[in-house]
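For the sequence shown, this note's numbering assigns the number 49 to the initial residue and increments by one for each residue that follows. Positions of the beta carbon are idealized from the N, C-alpha and C atoms, including for glycine. Data block below; observations after.
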Amino acid sequence: MSEVTHQNAKDGRTGETADLSYTQCRVIGNGSFGVVFQTKLLPSNEDAAIKRVLQDRRFKNRELEIMRKVHHPNIVGLKAYFHSTAERDEVYLNLVLEYMPGTVASELRWFSRARRPMPDLEIKLLTYQMFRSLAYIHGLGICHRDIKPCNLLCDPRTGILKLCDFGSAKVLVAGEPNVAYICSRFYRAPELIFGAVNYTTKIDVWSACCVMAELILGQPLFPGSNGIDQLVEIIKVLGTPTREQIWVMNSAHNNDHRFPQIRPHPLNRVFRRADQQAIALLGDMLEYSPEKRPSSIQVMAHPYFDELRDPNTKLPNYQEPDQPDRELPPLFNFSELELSLSPDLNKTLIPEHARAALGVDLDNFVPMPAEQMRTSAV
């Protein structure tokens, strides 16, 4: 019989205190941030994950503050949280989170071991949900700042993706500087490499584009071995940035540095198996100038994703081919906030067959003001 742990915990949404019981704890991940356990909640026997991080008593935990405010189908849910102490009187914050059986990283490994490319429909499905999660948090003014395959949880059986790990996330305030040394190297936007501190949520769009590219290629698009080499890898594909582009990325950067003049590499040669719509979308996002990259909601409206909006599209069971095709997971259950992000795109984003279930008259929809969006969450 597994040991049962009882804990006074606070509800992830309401903050109300209740007894939390869990059992069968096992470590499923660890890093500089702390440890992640898989566990079973009692009496429901529901799987959950517990992320345990060292808490600095002097500060509020930014990850907890953000996790308590975000509620979205494509973001891992915070069920509860509690504090615990260990030796040397250290205080740990424990986040009790939704459990998902896989990650985009583990999906990539599965297809790599099977020596086959990830199917186009699966790439579209994962990429769309990734950008949907970003569109939501960006609408709240939150930048994730660490988009990468292992921070994208997924369930291969349902096709659902959920963004996780808000340990680097921050509400960006215009004019307030932020640290440039953020984001895992392969997915780091060029303005960060140039030391920008006044960046925007477009750094997440760059990172997500790199993830999409990796799903198509089966390997990282820009596998730099260090910070400078990362820039070299980007230049090999995009060509050398102009002085104007460098200034736009970071106006404080010393522009005297001379880069070798490299011409851009055609994307249809980089992505030889991708269709023209995928290449067009990647080209839109792979821009040195952040303001030229589309927003996450604009990415979702791209014709590349039209197959997901087709009511006849079904999801094959790639890992168990003898199983029947499945319905796509919910993709159009937009909240009022999501519908307010770019109302002119709503009729593209919500296909005809999904509008009745939404229960919103798109012709007469009144969007939330931008300030209300931000204050509604953080």
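Asked, Found
"Residues sharing a beta bridge with ALA42, DSSP", "The shown model of the chain, from 49 to 426, leaves out residue 42, and the question about it has no answer."
"Three-state class that DSSP yields for VAL414 in the structure shown", "coil"
"Start and end residues, alpha helix (DSSP H) containing ALA300", "Segment: none, ALA300 is in no alpha helix (DSSP H) and carries neither H nor E."
"Candidates ILE398, ASP194, ASN122, ASP59, of which the one nearest GLN356 by Cα", "Strictly speaking, residue 356 in this sequence is Leu, with Gln absent from that position. Here the closest residue by C-alpha is ILE398."
"Assigned secondary structure, TYR366 (DSSP; H/G/I helix, E/B strand, else coil)", "coil"
"For CYS231, three-class secondary structure by DSSP", "coil"
"Member of GLN86, ALA66, GLN55, TYR147 whose CA lies at the smallest distance from the CA of CYS212", "TYR147"
"Buried or exposed (CB count within 10 angstroms, at least 16 for buried), VAL253", "buried"
"Reduced DSSP secondary structure (H/G/I, E/B, other) of TYR247", "coil"
"Beta-carbon proximity check, GLN86 vs SER50, cutoff 7 Å", "no"
"Contact the stretch 362-373 vs the stretch 176-195: 3+ CB pairs below 8 Å", "no"
"Segment contact, 8 Å Cβ cut-off, at least three pairs: the stretch 230-243 with the stretch 271-284", "yes"
"Contact set for GLY125: own chain, Cβ-Cβ below 6 Å, skip 5 residues either direction", "GLU146"
"Neighbourhood of ALA128 by C-beta distance below 7 Å, restricted to the same chain and skipping five residues each side", "ALA57, LYS58, ASP59, GLY60, LEU68, VAL144"
"Per-residue DSSP class, three states only, for ARG403", "helix"
"Neighbour-count burial assignment, TYR229, 16 or more Cβ in a 10 Å radius", "exposed"
"Alpha-carbon spacing of PHE81 relative to HIS401, whole angstroms", "44 Å"
"For GLN86: DSSP bridge partner residues", "ARG74, ALA97"
"Beta bridge counterpart(s) of PHE179 as assigned by DSSP", "Partner(s): none; PHE179 has no beta bridge."
"Span separating the alpha-carbon of GLN420 from that of LEU376", "32 Å"
"Alpha-carbon to alpha-carbon, ARG110 and ARG221", "Per the sequence presented here, residue 221 reads as Val, with Arg not at that position. The alpha-carbon atoms of VAL221 and ARG110 are separated by roughly 15 Å."
"Buried or exposed by the 16-neighbour rule on C-beta atoms within 10 Å, applied to PHE413", "exposed"
"Reduced DSSP category for TYR129 - H, G, I as helix; E, B as strand; rest coil", "strand"
"C-alpha gap between ILE171 and VAL408, whole angstroms", "29 Å"
"Span separating the alpha-carbon of SER132 from that of LEU102", "10 Å"
"Top-ranked residue by Cα proximity to GLU64, from PHE130, TRP158, SER92", "PHE130"
"Sheet register partners of GLY150 (DSSP bridge)", "CYS202"
"ILE195 in three-state terms, based on DSSP", "coil"
"Sequence-distant residues of its chain with Cβ nearer than 8 Å to VAL84 (five each side left out)", "VAL75, ILE76, GLY77, ASN78, ALA97, ILE98, LYS99, ARG100"
"Nearest candidate by alpha-carbon position, reference GLU292, set TYR184, PRO338, ARG105, LEU329", "PRO338"
"Counterpart residues of HIS54 in DSSP-defined beta bridges", "SER69"
"Proximal residues to VAL426 (C-beta, below 8 Å), its chain only, five neighbours per side dropped", "Here the model assigns VAL426 a pLDDT of 45, short of 50, so the residue's position is not dependable, and the following value carries that caveat. Excluding residues within five positions, the ones whose Cβ falls inside 8 Å are GLU113, ILE114, LYS117, LEU188, GLY189, ILE190, VAL219."
"Status (buried if at least 16 other CB within 10 Å, exposed otherwise) for ASN394", "buried"
"Alpha-carbon spacing of GLY266 relative to SER299, whole angstroms", "35 Å"
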